[in-house]
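Heads up, the thing below is written out as structure tokens.
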Amino acid sequence: MPSRRARRGSGRCGRGAVPSAAVGGPGRSTQVGKRDGQRGGLMEGSRTRRFVWALPALMIVAGAAVDLTTSPNFSAIPLFAAAPLIAAPFFSLASTVRTAGAAFLVVLAIRAAHGTLGHVVPLTELLTLVTVSALALVINSVVRHSNEQLASARVIAETAMRAVLPTPDDRIGGLMVAARYEAAQADEFVGGDLFAIVDTPHGVRLVVGDVRGKGLEAVGAVAVVIGAFREAAEQESSLEGVAQRLERALAREGVRRGGLDSVEGFVTAVLAEIPVGSDVLRIVNRGHPEPILLHGGGELQVLAPAVPALPIGMGLDVWPDRSDEWPMPAGATLLVYTDGLSEARNARGVFYDPAGRLRGRTFPGPEELLSALTDDVRLHTGGRTTDDMALLAVGRPDTARQGPRRP
0 MPSRRARRGS
10 GRCGRGAVPS
20 AAVGGPGRST
30 QVGKRDGQRG
40 GLMEGSRTRR
50 FVWALPALMI
60 VAGAAVDLTT
70 SPNFSAIPLF
80 AAAPLIAAPF
90 FSLASTVRTA
100 GAAFLVVLAI
110 RAAHGTLGHV
120 VPLTELLTLV
130 TVSALALVIN
140 SVVRHSNEQL
150 ASARVIAETA
160 MRAVLPTPDD
170 RIGGLMVAAR
180 YEAAQADEFV
190 GGDLFAIVDT
200 PHGVRLVVGD
210 VRGKGLEAVG
220 AVAVVIGAFR
230 EAAEQESSLE
240 GVAQRLERAL
250 AREGVRRGGL
260 DSVEGFVTAV
270 LAEIPVGSDV
280 LRIVNRGHPE
290 PILLHGGGEL
300 QVLAPAVPAL
310 PIGMGLDVWP
320 DRSDEWPMPA
330 GATLLVYTDG
340 LSEARNARGV
350 FYDPAGRLRG
360 RTFPGPEELL
370 SALTDDVRLH
380 TGGRTTDDMA
390 LLAVGRPDTA
400 RQGPRRP
């Protein structure tokens with residue numbers, strides 16, 4: 000059986016692949032389009048890096064050419080001084096020193112060849128170059144220190160998010176499960192989107208939510224919601240009871256923080272329950288984008304609540320929770336997501352429509368669904384997403400239609 004990572008990388012999807020026109024021609028899959036886009040980005044980035052690495056040397060060569068082909072009264076010292084300044088934020092300390100030394104030696108050799116080395120102006124030029132080179136070394140040291148701090152912060156942030164949002168198992172309570180957290184920026188890991196799924200005596204229960212705000216404060220609220228959910232999902236006999244436990248937990252957190260969060264802190268969330276031995280799906284939607292239920296034959300349902308409800312943190316003792324029920328037969332897959340997906344825009348400002356893009360399509364399983372979905376939204380936005388998105392897909396296996404899995 001292939002590993003989860005291997006299946007995720009494969010990006011397989013069923014006959015519901017992204018329309019060929021979207022990726023450049025018939026027969027090309029979403030994964031091909033993704034690889035083409037990544038390859039183009041890597042090539043462009045590689046060319047930029049090569050240019051930056053060559054630029055200090057080009058400055059020195061240009062300075063030498065100007066000095067050797069013009070009157071001795073004309074100075075190209077700004078070009079020589081630019082070389083170590085360009086190298087400072089991008090090169091190592093040793094490379095910056097070598098760049099500054101090369102510029103100094105070239106200027107020294109040219110002035111000696113002109114026979115003006117002992118004059119006041121050439122000496123002033125050399126002193127200027129030494130001063131600028133010293134400044135370049137200071138800049139290099141500051142940049143390296145900042146990069147080290149940033150790298151450390153990124154590691155801490157990634158570790159915190161992975162601790163709060165661990166990747167769920169492929170199988171939970173007999174159901175197939177897949178989850179993704181897609182950051183808006185490739186090097187960002189701290190956000191306010193959340194998901195969790197647990198197997199409880201009442202069935203498999205899950206939550207997908209979006210905390211107001213960003214950064215470490217949002218991560219703190221995520222930790223509170225996830226912790227309260229895991230405890231309440233085991234203890235509460237109803238999904239409505241779980242929602243109220245989350246409400247109380249967030250209220251306590253808001254009072255503890257004080258200030259703006261005590262009155263404006265809230266979380267949009269979908270709570271779902273799939274009881275053992277039943278094809279019933281129960282959902283409590285608290286101001287969150289409506290989940291989608293995909294059936295094995297390509298049919299699709301948008302699971303809108305009968306009565307809209309306020310987000311968690313805005314309805315304590317005011318709005319009683321009521322769960323809605325839908326049938327979830329074998330072969331069906333529940334998709335829950337945050338608004339980073341439904342509010343993703345293309346260059347013309349058109350929002351991504353998950354239901355419209357998925358209708359009529361089939362997938363071997365939840366992992367393949369999420370792979371195709373994330374590829375498709377990247378194509379829609381051109382890779383320019385502005386908000387994080389959390390995705391959770393839960394499928395009920397259809398043993399009658401499932402073939403043997405590839406080894």
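According to numbering that gives the first Met the number 0, the residues represented by the sequence shown are 0 to 406, in order.
Ideal Cβ positions, reconstructed from N, Cα and C, are used throughout, including at glycine.
Residue nearest to residue i in terms of C-alpha spacing, selected from the options
| i | options | result |
| --- | --- | --- |
| Val275 | Pro319, Pro328, Ala231 and Val224 | Pro328 |
| Pro200 | Ser91, Val224, Glu230 and Gly114 | Glu230 |
| Val376 | Gly394, Glu342, Gly359 and Pro396 | Glu342 |
| Arg321 | Ala242, Gly297 and Leu249 | Ala242 |
| Leu293 | Val349, Gly191 and Thr361 | Thr361 |
| Ala408 | Ser70, Ala99 and Thr398 | No answer is possible for residue 408: the residues shown for the chain start at 0 and end at 406. |
| Ala178 | Val349, Arg358 and Thr337 | Thr337 |
| Phe350 | Thr380, Gly330, Pro363 and Ser151 | Thr380 |
| Pro421 | Ala232, Leu128, Glu235 and Leu136 | Coverage of the chain is limited to positions 0 through 406, which leaves residue 421 absent and any answer about it impossible. |
| Ala101 | Val141, Leu125 and Gly219 | Leu125 |
| Ala64 | Leu116, Val106 and Arg170 | Val106 |
| Phe103 | Leu136, His287, Ser132 and Phe89 | Ser132 |
| His287 | Gly297, Asp192 and Ala81 | Asp192 |
| Arg358 | Pro319, Leu299 and Trp325 | Leu299 |
| Ile59 | Ala82, Gly296 and Arg46 | Ala82 |
| Thr115 | Thr130, Ser91 and Ser74 | Ser74 |
| Ser236 | Leu136, Thr130, Ala217 and Ile273 | Ile273 |
| Ala93 | Asp386, Ala111, Ala135 and Leu164 | Ala135 |
| Ser70 | Glu246, Ala112 and Thr123 | Ala112 |
| Pro363 | Trp52, Thr130 and Gly296 | Gly296 |
Residue j beta carbon less than 7 angstroms from that of residue i
| i | j | result |
| --- | --- | --- |
| Leu174 | Val203 | yes |
| Thr95 | Asn146 | no |
| Val176 | Ala268 | no |
| Leu368 | Pro353 | no |
| Asp323 | Ala305 | yes |
| Arg281 | Leu238 | yes |
| Ile291 | Val301 | yes |
| Met388 | Glu181 | yes |
| Arg251 | Ala227 | no |
| Ala303 | Arg285 | no |
| Ala220 | Val210 | yes |
Helix, strand or coil at residue i according to DSSP, with G and I counted as helix
| i | result |
| --- | --- |
| Phe103 | helix |
| Met175 | strand |
| Met313 | coil |
| Gln37 | Residue placement at Gln37 is poorly supported in this model, since its pLDDT is 42, which falls under 50; the coordinates are not used for a value here. |
| Asp386 | coil |
| Thr158 | helix |
| Glu289 | coil |
| Arg356 | helix |
| Ser91 | coil |
| Pro396 | coil |
| Phe194 | strand |
| Leu149 | helix |
| Val22 | With a pLDDT of 32 at Val22, under the threshold of 50, the modelled position of that residue is not reliable, and the figure given next carries that caveat. Three-state result, Val22: helix. |
| Val306 | coil |
| Asp323 | strand |
| Thr68 | helix |
| Asn284 | strand |
| Leu270 | strand |
| Leu259 | With a pLDDT of 45 at Leu259, under the threshold of 50, the modelled position of that residue is not reliable, and the figure given next carries that caveat. The answer is coil: DSSP assigns Leu259 none of H, G, I, E or B. |
Alpha carbon of residue i to alpha carbon of residue j, nearest angstrom
| i | j | result |
| --- | --- | --- |
| Leu54 | Ile85 | 8 angstroms |
| Glu366 | Arg161 | 19 angstroms |
| Asn72 | Ala108 | 16 angstroms |
| Ala195 | Leu378 | 27 angstroms |
| Gly172 | Leu249 | 28 angstroms |
| Ile311 | Pro396 | 32 angstroms |
| Ala371 | Phe265 | 31 angstroms |
| Thr373 | Val335 | 13 angstroms |
| His144 | Gly330 | 54 angstroms |
| Gly394 | Leu270 | 16 angstroms |
| Val224 | Arg48 | 43 angstroms |
| Leu390 | Thr166 | 11 angstroms |
| Asp66 | Ser151 | 45 angstroms |
| Leu149 | Val141 | 12 angstroms |
| Glu289 | Gly382 | 24 angstroms |
| Pro319 | Val218 | 27 angstroms |
| Val137 | Ala87 | 8 angstroms |
| Ala80 | Pro121 | 14 angstroms |
| Trp325 | Thr398 | 21 angstroms |
| Phe50 | Val119 | 36 angstroms |
| Met313 | Val163 | 24 angstroms |
| Ala392 | Arg344 | 22 angstroms |
CB contact check: residue i to chain D, cutoff 7 angstroms
| i | result |
| --- | --- |
| Thr68 | Absent from the structure: chain D. Only one protein chain is present. |
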